[in-house]
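Below is one structure, written out as structure tokens; the observations come after it.
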Amino acid sequence: MTAQLLKAEHFSLIEYARSIKMNDTSQKFGDDFHYKYVDKGDKHINISNFTITKDEFMKYIPMGYQQSYLQVFKSTKSFEVKLAQLKERIIAIQILLLAVFALLSYLLAKNALKPLQDSIETLDKFAKDLIHDLNTPVTAMKLNIKLLEKQDVLKDVKPLLRLKKSIATISELRENLTVLLEKKTFQVTPINVCEIVRDITELHQPNYPELRFEIECVSLVVNAHENALKQVLHNLISNACKYNKSSGYIKIYIQERTLCIEDSGVGIKEPDLIFDREYSAQNSSGLGLDIVKRLCDAMNIKIEVKSSEQGSCFKLLFA
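Note that this note's numbering has the sequence shown beginning at 1089, numbered continuously upward.
Structure representation (structure tokens):
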């Protein structure tokens, strides 16, 4: 495009020179053009000459049998204006093309991802329906376990105790998944963590009378989703009870904006892996801690763990 503009400027100088040689006043060339005669001397200039200086275009035109050249000039101002306009048009076209390609890419991507989105929505609905349908049989099993426990003959039977523990695990998993599926719509509100800690420890103490609970938590107000935070603390305190030593202890205390849950268990073999979904070890609840990590991430809570043979300590760092 620039070459075409320069060609047009070259042609305009030729036309200007022709009008001068023929004394043609019908064409108006304006103030951009001017000329002068120069002696030919010994110079031989190619007829296709065309020179561009800083401010002007220049061309030599032979004057036939006269011993001189007609030197014509034209200012580069109009050329620079045209060049700037050309650049603006090119940029505008490029932006338009980019917008068209972006729109096409979006539509194609949306069309390609729709089956995947539909599959995710179907799976999400299935998970919610499954959790809802689990509620009835789990509740029924809990009620029947309570009825069986009232019979003194069956009260301390090991199969019944194992069944009770399995039902509690299923119920806990159902609660975890229920809260996890609500992650996208979390609404955080100011909550006193210590009140939740007290409620959960009061729930676990009757089931673990051999453990000593030491609660040093009066008030710690944080922004969190209440049900999600309850589930996180329930999982951590439940694990501290399950995997503790006989006659051990559970300490729950505050360090500035950090809640610490410490136990006297046998420790965790690979603490760096316990939040991985596939991790399974004696001192880990596997899927439960994976869900704990996801819920903490959703609420912008940092979770850390330190472990040794003397026990483990989980820390929740609130913003």
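Where is the CB? At the ideal position from N, CA and C, for every residue including glycine.
Everything numeric in this text was worked out from a predicted model, so none of it was measured.
No Cβ-Cβ contact shorter than 8 Å links residue 1171 with residue 1113. Cα atoms of residue 1328 and residue 1397: separation of roughly 14 Å, rounded to the nearest angstrom. One thing to note: residue 1189 has its Cβ no nearer than 8 Å to the Cβ of residue 1161. By the beta-carbon neighbour count (other beta carbons within 10 angstroms, threshold 16), residue 1324 is buried.
Going by DSSP, residue 1301 is part of the beta strand (DSSP E) stretching over 1300-1304.
In this structure, DSSP gives residue 1142 a state outside helix and strand, which the three-state scheme calls coil. Looking at the backbone, the Cα of residue 1310 and that of residue 1389 are separated by about 10 Å. Under DSSP, the beta-bridge partners assigned to residue 1122 are 1161. In this model, residue 1330 and residue 1297 are separated by some 12 Å (Cα to Cα).
In this structure residue 1169 is exposed. Its beta-carbon is surrounded by fewer than 16 other beta-carbon atoms within 10 angstroms. For residue 1311, the enclosing beta strand (DSSP E) covers residues 1309-1312. Within the same chain, Cβ atoms closer than 6 Å to the Cβ of residue 1318 are found at 1284, the five residues on either side in sequence being excluded. Contact between residue 1144 and residue 1163 holds: their C-beta atoms lie close to 6 Å from each other, under 8 Å. As DSSP reads the structure, residue 1350 sits in a beta bridge with 1339 and 1401. With contacts defined as CB atoms closer than 8 Å, residue 1364 and residue 1385 fail to qualify as a contacting pair. Taking residue 1287 as reference, the option from 1275, 1278 and 1301 with the minimal CA-CA separation is 1301.
Your pair residue 1405 and residue 1345 checks out as a contact, with CB atoms roughly 7 Å apart and the cut at 8 Å.
Here residue 1326 is not near residue 1336, since their CB atoms are 8 Å or more apart. Here residue 1098 has 1138, 1145 and 1147 as same chain residues with Cβ atoms under 8 Å from its own Cβ, once five neighbours each way along the sequence are excluded.
Closest by C-alpha distance to residue 1109, out of 1136, 1159, 1338 and 1393, is 1159.
In this model, residue 1095 and residue 1205 are separated by some 57 Å (Cα to Cα).
Residue 1392: member of the beta strand (DSSP E) spanning 1390-1396, first to last residue.
The Cβ atoms of residue 1306 and residue 1359 lie no closer than 8 Å to each other.
In summary, residue 1407 is exposed, with fewer than 16 beta-carbon neighbours lying within 10 Å of its beta-carbon over all protein chains present. Counting the other CB atoms within 10 Å of its CB gives residue 1140 a total below 16, which places it among the exposed residues.
Assignment of residue 1362 by DSSP, reduced to helix, strand and coil, places it in the coil class. Residue 1331 carries a coil assignment under DSSP once its states are collapsed to helix, strand and coil. One alpha carbon belongs to residue 1259, the other to residue 1316, and they sit about 16 Å apart. The criterion of a C-beta distance shorter than 8 Å is satisfied by residue 1402 and residue 1349. Contact between residue 1333 and residue 1354 holds: their C-beta atoms lie close to 7 Å from each other, under 8 Å. Taking C-alpha positions only, residue 1295 is separated from residue 1195 by approximately 57 Å.
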